[in-house]
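Novice: Respectively, the protein sequence lines represent chains C and Z.
Here the first sequence stands for residues 1450 to 1642, where the numbers follow my numbering.
Here the second sequence stands for residues 1243 to 1576, where the numbers follow my numbering.
Below is a structure I'd like to ask you about.
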Amino acid sequence: MLTTTDMPPGRNLTATAVLVAALVLQVSVANRLPLPGAVTPDLVLLTVVALALTGGPLTGTVAGFCAGLAADIIPPADHTIGRYALVYCLIGYVCGLVSDEMTRSAVVPFVAVAAGALAGTLLYAGLGMMLGDPRSAWEIVRRVVPLQVVYDVLASPFVMWAVLRATRRFERDHARDRFDLPIARYRTLSSRM
Amino acid sequence: MRDTRRTRAVLGTLLITALVLITVDYRGGEGSPLRMLRAAGDAVFGPIERLSASVVRPIGNAFDAITDAPGERRRAERLERENQRLREQLRAQRIDAERAAQLQRLLGSAGLGGYKIVPAQVISAGQGLEDTVTIDVGSRSGVRPDMTVMTADGLVGRVVRVGPATATVLLATDAASSVGARLEDSREIGIVQGAGRRGVGGGGATPLRLQLLNAHAPLRVGQRLVTLGSQGQRPYVPGVPIGTVERVEHSIGSLTRVAYVRPFVNFSTLDVVGVVVAPPASDPRDAVLPPRPKPAQPSTPPPTPSPSGSASPSPSPSASASPNASRTPDDTED
């Protein structure tokens, strides 16, 4: 799936495994949590953001598209196929672009998650409005979006930590020939949490 | 530097692919060639979700037990009493040798209404704006698209897609769902539409919206709704309880009034549901509605005879005319 030259092959497998785990956890655990407002954190989006922030725009784009397509066809999904693929692909690309900014400030991941959650929900809903989906009516979207962003930001440290833990092994091999400062920096951050 | 020409090319390709997918799937509707992708998704992710649900369920149960300990004890007591009652019924039934009818009675409301159901458990729930769940029965258990899904409390939704071992259910609260409904007492017909239960504000308690077809029909808070039943009993069988009118909105200049309905089913904690695989032989009307919490006013229209009244373990729900209004309905001791 992820055929990139600048990354060790093991990482592609790990990224795929991480995405599948996020998808399954999303539908069978996260979506059934009885949280106030019945809105749940979007673990798939957070995983895409985490992969993009550590892997760059190409990883983010491809991972986003694959995760989105899987989210479009995983059983309880009942919307037009391709909507999440488009949204997550764009989010992965944009978050990949800021991956170099990770060294500048510790708040970048949180800002990226918040912006990604906001943009992702609005873009998804906007696509729904264009397709005439009754679920994307403005009254519904207006109620959901604020809670969605809050929950995504609250859940982001855990997802980031899990994704970094899962991809760490390959990063370490990778770091031997080209030391990746942003990742090292973020790793120290996440280990402190 | 990282944003190379190659990255842009990949991004462009994938975005166009996504747009093509959306277009093809949208234009194709139900007959879209991409439904094959969904079928593949059902076949691949269905078993994974079943597995994950079986791993997650004990953890969730432990969590629920901690957060809801007093409620659980009450529930345990109630279940114990109910168990006792059911066991007695079962013994009596064995003697009676009317096995089929009695097993149906064991299935509670399903037996009351005469529905044949396949029990199932919810294994996953939909993401984002949609109110859908996956259940762990599929075409192998005889489930087909457009079958009604209910719990002992009332209507849950309908089956929209079926995989080999899983099925996707569109909940009644989803904004894409609309159900024909009938008011319990006045028999007025209306449409119950989902309003989405997610988000801050009003959606939580009253995620259903009722519009009566007759604009002049009386519409009061506290009226109860059952399903009207669809043509050929699909997707909705008649007589399944939906909910109670919670709030009536009079909008000026609008032809119809809108009422907000509190469903009988708690949609955020759905677990065991039943898929109606065979509709009742005759419309059960109000027989499946739970007993009224308090005696009704004498002005209520006379109750309908319930077709399966003899099979009912609880007092007839709408038999609340004045002579026995003082009798307290107590179905645990019957």
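Glycine included, every Cβ here is placed at the ideal spot set by N, Cα and C.
Is the number of C-beta pairs between the region 1474 to 1490 of chain C and the region 1538 to 1552 of chain C that are closer than 8 Å three or more?
Specialist: Contact between the region 1474 to 1490 of chain C and the region 1538 to 1552 of chain C is absent, because fewer than three Cβ pairs lie under 8 Å.
Novice: Could you pull out every residue in the same chain whose Cβ sits closer than 7 Å to the Cβ of Z/Arg-1247, ignoring the five residues on either side in sequence?
Specialist: One-based indexing of the second sequence puts residue 1247 of chain Z at position 5. Closer than 7 Å at Cβ, skipping near neighbours: no residue.
Novice: Hey, is Z/Tyr-1502's beta-carbon within less than 7 Å of any beta-carbon in chain C?
Specialist: Walking along the second sequence from the start, residue 1502 of chain Z turns up at place 260. So no, Z/Tyr-1502 is outside the interface.
Novice: Starting from C/Gly-1565, find everything on chain Z with Cβ-Cβ shorter than 7 Å and list it in chain order.
Specialist: Working through the first sequence from its first residue, we reach residue 1565 of chain C at position 116. Within 7 Å Cβ-Cβ: nothing; C/Gly-1565 doesn't reach chain Z, min ~14 Å.
Novice: Hey, Z/Val-1398 and Z/Tyr-1478: beta-carbon distance below 7 Å or not?
Specialist: For this step, residue 1398 of chain Z is matched to residue 156 along the second sequence. For this step, residue 1478 of chain Z is matched to residue 236 along the second sequence. No, the Cβ-Cβ distance between Z/Val-1398 and Z/Tyr-1478 is not below 7 Å.
Novice: Going by C-alpha distance, which of Z/Val-1266, Z/His-1492, Z/Gly-1441 and Z/Leu-1425 is nearest Z/Val-1482?
Specialist: Residue numbering aside, residue 1482 of chain Z sits at position 240 when the second sequence is read from its first letter. If we check each option's Cα against that of Z/Val-1482, Z/Leu-1425 comes out closest.
Novice: Considering Z/Ile-1431, what are the terminal residues of the beta strand (DSSP E) in which it resides?
Specialist: Here residue 1431 of chain Z refers to the residue found at position 189 of the second sequence. Taken as a continuous stretch (DSSP letters only), the beta strand (DSSP E) holding Z/Ile-1431 covers 1431 to 1436.
Novice: For a contact defined as C-beta to C-beta under 8 Å, what are the partners of C/Thr-1510 on chain Z?
Specialist: On the first sequence, residue 1510 of chain C is found 61 positions in, with the first residue counted as 1. The contacting residues are Thr-1249, Val-1252, Leu-1253 and Leu-1256.
Novice: Quick one: grab the DSSP three-state call for Z/Ser-1274.
Specialist: Along the second sequence, read from residue 1 onward, the residue named residue 1274 of chain Z stands at position 32. Three-state DSSP puts Z/Ser-1274 in coil, outside helix and strand.
Novice: Quick check on this structure: which residue in C/Arg-1584, C/Thr-1503, C/Tyr-1533 and C/Ile-1589 has the alpha carbon closest to the alpha carbon of C/Trp-1610?
Specialist: For the purposes of this step, residue 1610 of chain C is taken as residue 161 along the first sequence, with counting starting at 1. C/Trp-1610 has its Cα closest to that of C/Thr-1503, out of C/Arg-1584, C/Thr-1503, C/Tyr-1533 and C/Ile-1589.
Novice: Going by alpha carbons, who is nearest to Z/Arg-1451 out of Z/Arg-1476, Z/Gln-1475, Z/Thr-1259 and Z/Val-1490?
Specialist: Walking along the second sequence from the start, residue 1451 of chain Z turns up at place 209. Nearest C-alpha to Z/Arg-1451: Z/Val-1490.
Novice: Counting only runs that start and end within the region 1579 to 1625 of chain C, where is the alpha helix (DSSP H) found for 4 or more residues in a row?
Specialist: Fully enclosed alpha helix (DSSP H) runs of 4 or longer: not present.
Novice: Quick check: the region 1424 to 1438 of chain Z against the region 1318 to 1330 of chain Z, are there 3 or more CB pairs under 8 Å?
Specialist: No: the two stretches stay apart, fewer than three of their Cβ pairs being nearer than 8 Å.
Novice: Pairs of beta-carbons, one from the region 1296 to 1306 of chain Z and one from the region 1386 to 1403 of chain Z, closer than 8 Å: are there three or more?
Specialist: Touching, no, given that fewer than three Cβ pairs across the two stretches are closer than 8 Å.
Novice: Tell me whether C/Leu-1468 is buried or exposed, calling it buried when 16 or more other Cβ atoms sit within 10 Å of its Cβ.
Specialist: Taking the first residue of the first sequence as position 1, residue 1468 of chain C is located at position 19. Classification of C/Leu-1468: buried, given that the 10 Å Cβ count is 16 or more.
Novice: Grab the span of the alpha helix (DSSP H) containing C/Val-1497 for me, first residue to last.
Specialist: The count along the first sequence starts at 1 and reaches residue 1497 of chain C at position 48. Counting along the chain, the alpha helix (DSSP H) containing C/Val-1497 begins and ends at 1492 to 1504.
Novice: In whole angstroms, give me the CA-to-CA distance for C/His-1528 and Z/Ala-1295.
Specialist: Numbered from its first residue, the first sequence carries residue 1528 of chain C at position 79. Numbered from its first residue, the second sequence carries residue 1295 of chain Z at position 53. C/His-1528 and Z/Ala-1295: Cα-Cα distance of roughly 23 Å.
Novice: Applying the criterion that 16 or more other CB atoms from any shown protein chain within 10 Å of the CB defines a buried residue, is C/Ala-1555 buried or exposed?
Specialist: Within the first sequence, numbered from 1, the residue matching residue 1555 of chain C stands at position 106. Answer is exposed; the Cβ neighbour count stays below 16.
Novice: Could you tell me the distance, in whole angstroms, from the CA atom of C/Pro-1525 to the CA atom of Z/Val-1515?
Specialist: In the first sequence, counting from the first residue as 1, residue 1525 of chain C sits at position 76. In the second sequence, counting from the first residue as 1, residue 1515 of chain Z sits at position 273. Computed Cα separation, rounded: 16 Å.
Novice: Under 7 Å, Cβ to Cβ, is there at least one residue of chain C near Z/Arg-1280?
Specialist: Translated into positions along the second sequence, residue 1280 of chain Z becomes position 38. It does; some Cβ of chain C falls within 7 Å.
Novice: Have a look at C/Leu-1482, C/Ala-1520, C/Ile-1530 and C/Val-1547 and flag the residue whose alpha-carbon is nearest the alpha-carbon of C/Leu-1494.
Specialist: Translated into the one-based positions of the first sequence, residue 1494 of chain C becomes position 45. Nearest of C/Leu-1482, C/Ala-1520, C/Ile-1530 and C/Val-1547 to C/Leu-1494, Cα basis: C/Ala-1520.
Novice: What does the Cβ neighbour count give for Z/Ser-1541, buried or exposed, with the cut at 16 atoms within 10 Å?
Specialist: Numbered from its first residue, the second sequence carries residue 1541 of chain Z at position 299. With a pLDDT of 43 at Z/Ser-1541, under the threshold of 50, the modelled position of that residue is not reliable, and the figure given next carries that caveat. Exposed, since its Cβ has fewer than 16 Cβ neighbours within 10 Å.
Novice: For the putative contact between C/Val-1498 and C/Gly-1577, defined by C-beta atoms under 8 Å, what is the C-beta separation to the nearest angstrom?
Specialist: Walking along the first sequence from the start, residue 1498 of chain C turns up at place 49. Walking along the first sequence from the start, residue 1577 of chain C turns up at place 128. C/Val-1498 to C/Gly-1577, Cβ: 21 Å. No contact.
Novice: If we define contact as Cβ-Cβ less than 7 Å, is Z/Gln-1369 a contact residue for chain C?
Specialist: Position 127 of the second sequence, counted from the first residue, corresponds to residue 1369 of chain Z. Yes - at least one Cβ of chain C is within 7 Å of the one on Z/Gln-1369.
Novice: Taking the alpha-carbon positions, what's the Z/Leu-1253 to Z/Asp-1525 distance?
Specialist: Numbered from its first residue, the second sequence carries residue 1253 of chain Z at position 11. Numbered from its first residue, the second sequence carries residue 1525 of chain Z at position 283. One C-alpha to the other measures close to 56 Å.
Novice: Beta carbons nearer than 8 Å to chain C: which residues of the region 1298 to 1312 of chain Z have them?
Specialist: The residues in question are Val-1298 and Gly-1302.
Novice: What separation, rounded to the nearest whole angstrom, lies between the Cα atoms of C/Thr-1570 and Z/Ala-1304?
Specialist: Residue mapping note: residue 1570 of chain C aligns to position 121 of the first sequence, counting from 1. Residue mapping note: residue 1304 of chain Z aligns to position 62 of the second sequence, counting from 1. So the two alpha carbons sit approximately 32 Å from each other.
Novice: Can the beta-carbon of C/Val-1648 be found closer than 7 Å to that of C/Thr-1496?
Specialist: With chain C represented from 1450 up to 1642, any question about residue 1648 of chain C goes unanswered, as that position is not in the structure.
Novice: Are the region 1455 to 1471 of chain Z and the region 1355 to 1364 of chain Z touching by the rule of at least three beta carbon pairs closer than 8 Å?
Specialist: No, because fewer than three Cβ pairs between the region 1455 to 1471 of chain Z and the region 1355 to 1364 of chain Z fall closer than 8 Å, the two stretches do not touch.
Novice: Hey, is C/Asp-1527's beta-carbon within less than 7 Å of any beta-carbon in chain Z?
Specialist: Locating residue 1527 of chain C in the first sequence gives position 78, where the first residue counts as 1. Yes, C/Asp-1527 lies at the interface with chain Z (some Cβ there is under 7 Å from its Cβ).
Novice: Using DSSP's beta-bridge definition, name the partner residues of Z/Ile-1359.
Specialist: As a first step, residue 1359 of chain Z is located in the second sequence; it is residue number 117 there, counting from the start. Answer by DSSP bridge pairing, in chain order: Z/Val-1518.
Novice: Counting only C-beta atoms, is Z/Pro-1555 closer than 7 Å to chain C at any point?
Specialist: Sequence index remark: in the second sequence, residue 1555 of chain Z carries index 313 (1-based). Residue confidence for Z/Pro-1555 is low, a pLDDT of 40 falling below 50, so the modelled location carries little weight; the figure read from the coordinates is stated next. So, not an interface residue.
Novice: Please confirm whether C/Leu-1507 has its beta-carbon closer than 7 Å to some beta-carbon of chain Z.
Specialist: The count along the first sequence starts at 1 and reaches residue 1507 of chain C at position 58. Closer than 7 Å: yes.
Novice: Would you tell me roughly how many angstroms separate the C-alpha atoms of C/Leu-1492 and C/Leu-1482, rounded to the nearest one?
Specialist: Sequence index remark: in the first sequence, residue 1492 of chain C carries index 43 (1-based). Sequence index remark: in the first sequence, residue 1482 of chain C carries index 33 (1-based). Those two C-alpha atoms are separated by around 13 Å.
Novice: Does C/Ala-1466 come within less than 7 Å of chain Z when only Cβ atoms are used?
Specialist: The count along the first sequence starts at 1 and reaches residue 1466 of chain C at position 17. For C/Ala-1466, the answer is no, since every Cβ of chain Z falls outside 7 Å of its Cβ.
Novice: Is Z/Ala-1260 close to chain C? Criterion is C-beta to C-beta, closer than 7 Å.
Specialist: By one-based count along the second sequence, residue 1260 of chain Z stands at place 18. Output row for Z/Ala-1260: interface = yes.
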